[in-house]
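The sequence shown begins at 4 in my numbering and counts up by one.
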Amino acid sequence: MMDPIQNEFASKYEIPRKEIRLTDGTKYQAYTTEGPWGNPREPREFHAGIPKLREAWIRNREKDTNHSQMYYAKRGMITEEMRYVGLREGFDPEFVRSEIARGRAILPSNKKHPELEPMIIGRNFLVKINANIGNSALSSSIEEEVEKLRWAVRWGADTVMDLSTGKNIHETREWILRNSPVPIGTVPIYQALEKVKGKAENLDIGVFLETLEEQAEQGVDYFTIHSGVLLRYIPLTAKRTTGIVSRGGSIIAKWCLSHHKENFLYERFDDICKVMKKYGVSFSLGDGLRPGSIADANDEAQFGELRTLGELTQKAWEEDIQVMIEGPGHVPMHLIKENVDLQMEICKEAPFYTLGPLVTDIAPGYDHITSAIGAAIIGWHGTAMLCYVTPKEHLGLPDKEDVKQGVIAYKIAAHAADLAKGHPGAKQRDDLLSKARFEFRWEDQFALSLDPETAQSFHDETLPQDRMKTAHFCSMCGPHFCSMHLTQELRKYAEEKGISEEAAITAGMKEKSEEFLEKGASVYIAP
Numbered sequence: 004m005m006d007p008i009q010n011e012f013a014s015k016y017e018i019p020r021k022e023i024r025l026t027d028g029t030k031y032q033a034y035t036t037e038g039p040w041g042n043p044r045e046p047r048e049f050h051a052g053i054p055k056l057r058e059a060w061i062r063n064r065e066k067d068t069n070h071s072q073m074y075y076a077k078r079g080m081i082t083e084e085m086r087y088v089g090l091r092e093g094f095d096p097e098f099v100r101s102e103i104a105r106g107r108a109i110l111p112s113n114k115k116h117p118e119l120e121p122m123i124i125g126r127n128f129l130v131k132i133n134a135n136i137g138n139s140a141l142s143s144s145i146e147e148e149v150e151k152l153r154w155a156v157r158w159g160a161d162t163v164m165d166l167s168t169g170k171n172i173h174e175t176r177e178w179i180l181r182n183s184p185v186p187i188g189t190v191p192i193y194q195a196l197e198k199v200k201g202k203a204e205n206l207d208i209g210v211f212l213e214t215l216e217e218q219a220e221q222g223v224d225y226f227t228i229h230s231g232v233l234l235r236y237i238p239l240t241a242k243r244t245t246g247i248v249s250r251g252g253s254i255i256a257k258w259c260l261s262h263h264k265e266n267f268l269y270e271r272f273d274d275i276c277k278v279m280k281k282y283g284v285s286f287s288l289g290d291g292l293r294p295g296s297i298a299d300a301n302d303e304a305q306f307g308e309l310r311t312l313g314e315l316t317q318k319a320w321e322e323d324i325q326v327m328i329e330g331p332g333h334v335p336m337h338l339i340k341e342n343v344d345l346q347m348e349i350c351k352e353a354p355f356y357t358l359g360p361l362v363t364d365i366a367p368g369y370d371h372i373t374s375a376i377g378a379a380i381i382g383w384h385g386t387a388m389l390c391y392v393t394p395k396e397h398l399g400l401p402d403k404e405d406v407k408q409g410v411i412a413y414k415i416a417a418h419a420a421d422l423a424k425g426h427p428g429a430k431q432r433d434d435l436l437s438k439a440r441f442e443f444r445w446e447d448q449f450a451l452s453l454d455p456e457t458a459q460s461f462h463d464e465t466l467p468q469d470r471m472k473t474a475h476f477c478s479m480c481g482p483h484f485c486s487m488h489l490t491q492e493l494r495k496y497a498e499e500k501g502i503s504e505e506a507a508i509t510a511g512m513k514e515k516s517e518e519f520l521e522k523g524a525s526v527y528i529a530p
């Protein structure tokens with residue numbers, strides 16, 4: 004039963020859900036990430052931004068010196084963000100608080116991002132997905148990146164990372180944030196590198212902290228920071244097939260080797276924590292030495308860095324800062340579980356956030372599929388958030404359609420993982436769709452799918468007529484060979500005869516067997 008405070012909160016704030024109304028009268032409430040972009044009544048011009056849901060909540064806490072949700076959770080406080088997440092996922096807010104307090108879940112929420120609709124990342128909640136967007140020195144504009152954001156959340160991205168490396172980085176990020184109902188992450192070392200004209204050796208902690216403060220002030224909710232790429236790990240990559248494939252990892256490696264000094268992001272981690280606390284930004288401790296090929300999976304460089312990330316997790320938790328841990332990469336299926344088990348042990352169950360992993364290297368142009376296979380498996384074993392891969396991975400900058408393909412592939416993977424884990428309510432949508440399919444309610448089948456437009460367009464390619472939306476067959480089987488229609492006829496026969504379906508099947512098998520025997524054939528009658 005909902006407590007009075009939670010009940011009052013629920014009556015005051017509308018939790019984002021997409022209602023799917025079926026022709027049999029059923030109403031299904033689907034989790035949605037679109038925010039105001041999914042409401043035609045709200046402004047769609049990006050210069051207007053979106054409503055500031057958290058503005059009053061943040062104002063009430065403005066005098067606090069630590070704005071991390073872990074800070075409040077450890078002190079027994081249930082914030083409005085925690086209440087919102089509890090309603091959104093169907094959990095008691097006290098459970099949400101306890102998971103954040105112990106570091107097993109994070110609620111990314113910068114105090115400068117009031118437009119955010121709170122969400123949670125943790126193994127005991129729905130598996131989330133992240134979509135990467137961002138311009139490059141060669142392509143894309145601010146308008147295009149905001150449109151990618153809108154497009155990504157339309158199809159179900161739970162968070163979005165702005166990986167812009169081209170012109171107008173600050174302004175591009177500003178408009179992404181002002182229009183984002185989901186948490187925004189960045190890799191600050193990219194902009195820091197731009198400030199030193201692309202010369203990695205000219206980086207220093209001063210430039211980095213300046214960049215960190217600039218991005219935190221804008222409202223970035225989580226930072227990928229490659230503090231675990233230590234000088235002693237870099238030689239371990241020398242014999243790799245693909246070396247260091249992380250952009251952030253390679254930047255730090257070049258700096259370390261140029262100066263023959265330890266990673267300044269590791270040495271000055273305490274100074275980084277001060278900025279994180281001030282704004283309530285969460286750590287996404289980067290896997291700068293992740294494997295970039297199947298041949299390099301689960302090697303000493305990767306796991307050495309992971310051990311350092313475990314050390315840094317403890318340091319961040321001592322400062323009440325939320326942490327998630329980034330993971331591979333390219334890993335064959337039989338080595339995936341080892342990654343999760345080791346991460347859980349070393350990082351004390353801090354949420355795992357993985358890129359894929361890609362389970363084979365042979366499918367350029369289809370790596371959204373090779374990685375979604377790995378994503379489903381690693382999500383099943385306990386990964387909390389999956390970073391999507393698009394068909395353009397390894398090949399080029401994704402466009403709008405690539406973003407959609409990547410998000411849909413990962414929504415499938417995340418939902419498959421939720422089903423395998425037995426997440427409460429995960430199976431309901433599957434059951435509703437299966438029932439609609441069996442009853443030939445085509446419109447309901449389209450509506451319940453992750454991509455209704457594509458589902459209907461495939462059906463209508465061969466049977467576009469409205470009357471075919473109620474037909475008891477599709478163009479694959481036709482009217483006489485549809486297995487589900489034949490099953491329905493069998494059930495109707497059983498009902499007319501007043502016998503069970505099992506008895507009808509047995510009777511049918513016996514009848515056919517006798518027919519064959521009359522013709523001199525020898526058949527086996529199943530017991």
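Glycine is no exception: its CB is placed at the ideal position from the N, C-alpha and C atoms.
- To the nearest angstrom, how far is it from the Cα of V149 to the Cα of Y391? 18 Å
- Message: So, for G307: in the same chain, excluding its five sequence neighbours on each side, which residues have a beta-carbon less than 7 Å away from its beta-carbon?
- Response: Within its own chain, the residues whose Cβ lies closer than 7 Å to the Cβ of G307, once the five positions on either side in sequence are excluded, are Y236 and L239, listed in chain order.
- Message: Any contact between the region 270 to 279 and the region 295 to 313? By contact I mean 3 or more CB pairs, one from each, below 8 Å.
- Response: no
- Report the option in T363, A387, G93 and G368 whose CA atom is closest to the CA atom of I376. T363
- Message: Comparing C-alpha positions only, which one of D370, A506, T36 and G52 sits nearest to V123?
- Response: A small fix is needed here, since residue 123 is Ile in this sequence, not Val. When only C-alpha atoms are compared, the closest one is T36.
- Message: Measuring straight from C-alpha to C-alpha, what distance separates G385 and P360?
- Response: 13 Å
- Within its chain, find whatever has a CB closer than 6 Å to the CB of V99; leave out the 5 residues flanking it on each side and keep chain order. Within the same chain, M85, V88 and G89 come within 6 Å of V99 by CB-CB distance, once the 5 residues on both sides are set aside.
- Message: Quick check on DSSP: helix, strand or coil for G313?
- Response: helix
- Task: Kindly list the residues whose CB is nearer than 6 Å to the CB of G137, restricted to its own chain and excluding five residues on each side of it in sequence; keep chain order.
- Result: D165, L166 and S167
- Over what stretch of residues does the alpha helix (DSSP H) that includes A33 continue unbroken? From DSSP, A33 is part of no alpha helix (DSSP H) but of the beta strand (DSSP E) over K30 to Y34.
- Consult DSSP for T465 and reduce its assignment to one of helix, strand or coil. coil
- Message: Assuming T175 is part of the beta strand (DSSP E), what are its boundary residues?
- Response: It is not in any beta strand (DSSP E) - T175 instead sits in the alpha helix (DSSP H) that spans I172 to R181.
- Taking DSSP as the reference, what is the three-state secondary structure of D207? coil
- Query: Just how far apart, CA to CA, sit P111 and K242?
  - Reply: 37 Å
- Message: Quick check on L292: buried or exposed, where buried means 16 or more other Cβ atoms within 10 Å of its Cβ?
- Response: By the neighbour-count rule (16 or more Cβ atoms within 10 Å), L292 is buried.
- Per DSSP, M327 forms a beta bridge with which residues? S287
- Can you tell me which of the three DSSP states E270 falls into? E270 falls in the helix class under three-state DSSP.
- Query: For the region 214 to 230 against the region 173 to 184, are there 3 or more C-beta pairs whose distance is under 8 Å?
  - Reply: yes
- Item | Cβ shell of N133 (< 8 Å), same chain only, five flanking positions each side left out | A160, D161, T162, V163, M164, G188, Y356, M388, L389, C390 and Y391
- Query: Can you name, in chain order, every residue of its own chain whose Cβ lies under 6 Å from the Cβ of K3, other than the five neighbours on each side?
  - Reply: Residue 3 lies beyond the residue range present for the chain, which begins at 4 and ends at 530; the question has no answer from this structure.
- Query: beta strand (DSSP E) containing M164: first to last residue?
  - Reply: T162 to D165
- Looking at C-alpha atoms only, which residue of L234, L312 and I228 is the closest neighbour of V284? The option with the nearest alpha carbon to V284 is I228.
- Item | Inter-residue spacing [alpha-carbon to alpha-carbon] between N301 and G409 | 25 Å
- Coil, strand or helix - K234 by DSSP: Inspection of the sequence shows that residue 234 is occupied by Leu rather than by Lys. L234 falls in the helix class under three-state DSSP.
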